[in-house]
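Taking my numbering as reference, the numbering of the sequence shown is continuous, increasing by one, and the terminal residue is 476. Backbone N, C-alpha and C fix where the C-beta goes; we use that ideal spot for every residue, glycine too. None of the values given here were measured: they were computed from a predicted structure. Comments concern the structure below.
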Amino acid sequence: MIKSLRGTKDILSKEIILWRFLEDTARDLFNIYGYKEIRTPIIEEAALFIKSVGPTTDIGQKEMFVFKDRGGRDIALRPEATAGVVRAYIENILGVSLGLSKFFYIGAMFRGERPQAGRQRQFHQLGVEAIGSDSPFLDAEVIALSEEYLKSAGIKDYRIKINSLGCKKDKPNITDFYKKELKGRIEELCPDCKKRIERSVLRIFDCKNNRCRAVVNSLTPIIEVICLDCQQHYKAVKDSLSEIGCNFIEDSFLARGLDYYTRTVFEITSDSLGAKDAIGAGGRYDNLVKDLGGKKDTPAIGFAFGIERLLIATDEALREKKTTSIKSDVFIATATRSSYNEAFRFLKWLREERFVSEIDYDGRSLKSQMRRAEKLGARFVVIFGEEELKKGRVVLRDMQKGEQEEVELSKAIEKIKGFL
Ligand code: AMP
C-alpha cells in the first residue's frame with residue numbers, strides 16, 4: 057500500500073471545520089485592515105528563496121525541496137511566502153498601481169525538517185505583507201493585527217516578543233560586535249555555536265542549549281548596538297503599540313532565522329506548544345524588494361502564522377465545537393426500488409431549497425437506512441413507501457421527537473420548512 061509521505065498529513069473532513077474557521081477568521085479580519093488576498097505559485101525558482109532567506113540559514117542550506125525541471129533549472133517548493141509575494145509585487149508592478157500594497161495569503165509551504173508534533177514537511181501558513189512604507193505605525197498595525205487575529209481565533213495563552221535588528225548599515229556592525237564579544241567566551245558555547253561565531257553569529261541567539269542561553273543573556277542587547285535612527289524607530293513602534301493596548305514583551309536577543317529581516321522583528325509563542333516553537337513570527341524586510349530586483353528602496357513588513365500550530369493552540373472548547381460535523385437536515389428512506397424515482401426527485405428539490413439532505417443508494421433494509429439517518433444526525437426522515445406513495449403520501453419521522461405520521465408530500469414539505 058502506498059502511504060502518505062513522512063511529514064505530510066491528510067486533513068480530514070472532521071478537522072476541516074476548524075481549518076475553515078481559522079481561515080475565514082483571517083480573511084474577514086485581514087480585509088478589515090485593508091489587506092487583499094494574493095495567491096502566488098507553490099513552485100518558484102530556487103534562487104528566489106536562496107537570495108531572500110539567505111544561503112546560510114537552515115532553509116537555504118538543507119530544508120528546501122529542490123528539483124530540476126526539464127530545462128535543467130532548479131525549482132523549489134516554496135518554504136515560505138514572503139519571497140513569492142515580493143516577486144509578484146515586483147513582476148506585476150503592483151507598487152505603481154497600488155502604492156502601499158497590503159496582501160494576505162493562506163497556503164501550503166514545504167520544508168524538509170525532521171517531523172514532530174507541530175512540525176511537518178508540508179505545513180500551512182496564513183500571513184500578511186505590507187509593502188511600501190517604513191512608518192513605525194505600520195509595524196504597530198501589523199503586530200496589533202497579529203494579536204487581534206489570535207483573539208478572534210480564540211487563542212488565549214500567547215506571548216508577543218519584539219526586538220529590533222537594525223538596518224542594512226547596522227548589520228555588519230552587529231555581526232562584528234557579537235563576534236568580538238563571543239570569541240572571548242567561546243569555551244562556554246556548545247560545539248555548534250562555536251562554529252556559528254564565524255558563519256552566522258546571530259544564530260547563536262536561537263540556540264536552546266542552557267549554557268549558550270546563559271552566555272547570550274549576559275551580552276549587550278542588540279538595541280544598544282544599532283544606529284540612532286533604528287533605535288528611534290523601535291521606540292516609536294513600542295509607543296504606538298502601548299497606545300493601542302497591544303500586549304508585547306521586549307526580547308533583547310530575538311534575532312529570527314532569516315537573512316532578510318531588518319529593524320522590527322517579532323515572534324509569537326503559546327504555552328500550549330511549549331517554549332520551543334513559535335505559532336507565528338514576522339518582521340520588517342526593508343531591503344528585500346530592492347535585493348530581488350525592485351527599482352527603488354521599498355520598505356516592508358509582514359508576519360506568518362503556522363496553521364497547524366494555531367490548531368494546537370486553540371482552546372479545547374472551541375476545538376470541540378468546531379470539529380462537530382455538519383448534521384443532515386433530512387434523510388430520505390425508500391422502502392422499494394420503485395419508489396426511488398419519486399424520492400430522488402424530492403431529494404433534488406430539497407437540495408435546491410438548500411436543505412442538507414441524503415438518501416440511501418443501495419437498496420438497504422429500512423432498518424439500516426434509519427440507522428444511517430441517525431448517524432448523519434438527520435432531523436427528519438421522509439420514508440417513501442410503495443403503499444403510501446399510491447395515495448400521494450409519505451411517512452414523515454421527526455427524529456428529535458421520535459414521532460412519525462403519514463402525511464401528503466406537500467404537507468411534509470411544509471413541516472420540514474417550518475422546523476428548519
Ligand atoms: P518562519 O517562516 O520560520 O518564521 O515560520 C513562521 C511560522 O510558520 C512558525 O511560527 C510556525 O508556526 C510555522 N512553521 C514553520 N515551519 C513549520 C513546520 N515545519 N511545520 C509546521 N509549522 C511551521
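Run the proximity test for residue i: is its beta-carbon closer than 7 Å to any non-hydrogen atom belonging to ligand 3?
| i | result |
| --- | --- |
| residue 75 | This structure simply doesn't include ligand 3; it includes ligand 1 instead. |
At a cut-off of 7 Å, is residue i close to ligand 1 when judged by its beta-carbon and the heavy atoms of the ligand?
| i | result |
| --- | --- |
| residue 179 | yes |
| residue 336 | yes |
| residue 173 | no |
| residue 62 | no |
| residue 169 | yes |
| residue 361 | yes |
| residue 365 | yes |
| residue 117 | no |
| residue 313 | yes |
| residue 464 | no |
| residue 101 | no |
| residue 136 | yes |
| residue 176 | yes |
Between residue i and residue j, which are expected to be in contact by the criterion C-beta below 8 Å, what is the C-beta distance as a whole number of angstroms?
| i | j | result |
| --- | --- | --- |
| residue 122 | residue 358 | About 24 Å; that fails the 8 Å criterion. |
| residue 366 | residue 211 | 7 Å |
| residue 62 | residue 171 | 6 Å |
| residue 202 | residue 324 | 6 Å |
| residue 327 | residue 213 | 4 Å |
| residue 470 | residue 449 | Contact doesn't hold; Cβ gap of about 14 Å is too wide. |
| residue 276 | residue 257 | About 13 Å; that fails the 8 Å criterion. |
| residue 222 | residue 263 | Residue 222 to residue 263, Cβ: 21 Å. No contact. |
| residue 296 | residue 193 | 6 Å |
| residue 77 | residue 423 | The pair is not a contact, with the Cβ atoms about 37 Å apart (cut-off 8 Å). |
Using a 10 Å radius around the Cβ and a threshold of 16 neighbouring Cβ atoms, would you call residue i buried or exposed?
| i | result |
| --- | --- |
| residue 283 | exposed |
| residue 80 | exposed |
| residue 103 | exposed |
| residue 196 | buried |
| residue 267 | exposed |
| residue 248 | exposed |
| residue 427 | exposed |
| residue 149 | exposed |
| residue 228 | exposed |
| residue 304 | buried |
| residue 453 | buried |
| residue 330 | exposed |
| residue 117 | exposed |
| residue 58 | exposed |
| residue 220 | buried |
| residue 475 | exposed |
Beta carbon of residue i, beta carbon of residue j: below 8 Å?
| i | j | result |
| --- | --- | --- |
| residue 167 | residue 100 | no |
| residue 441 | residue 395 | yes |
| residue 390 | residue 416 | yes |
| residue 156 | residue 186 | yes |
| residue 64 | residue 177 | yes |
| residue 433 | residue 383 | yes |
| residue 290 | residue 318 | no |
| residue 94 | residue 161 | yes |
| residue 190 | residue 355 | yes |
| residue 91 | residue 184 | yes |
| residue 312 | residue 271 | no |
| residue 363 | residue 181 | yes |
| residue 173 | residue 370 | no |
| residue 163 | residue 137 | yes |
| residue 308 | residue 260 | no |
| residue 375 | residue 74 | yes |
| residue 139 | residue 108 | yes |
| residue 215 | residue 112 | no |
| residue 146 | residue 350 | yes |
| residue 300 | residue 200 | yes |
Going by DSSP in three states, residue i sits in which element: helix, strand or coil?
| i | result |
| --- | --- |
| residue 161 | strand |
| residue 271 | helix |
| residue 99 | strand |
| residue 241 | coil |
| residue 288 | helix |
| residue 166 | strand |
| residue 225 | coil |
| residue 126 | coil |
| residue 454 | strand |
| residue 214 | strand |
| residue 281 | coil |
| residue 253 | helix |
| residue 230 | helix |
| residue 375 | helix |
| residue 191 | coil |
| residue 409 | coil |
| residue 182 | strand |
Does residue i come within less than 8 Å of chain B when only Cβ atoms are used?
| i | result |
| --- | --- |
| residue 205 | Here there is only one protein chain, and chain B is not present. |
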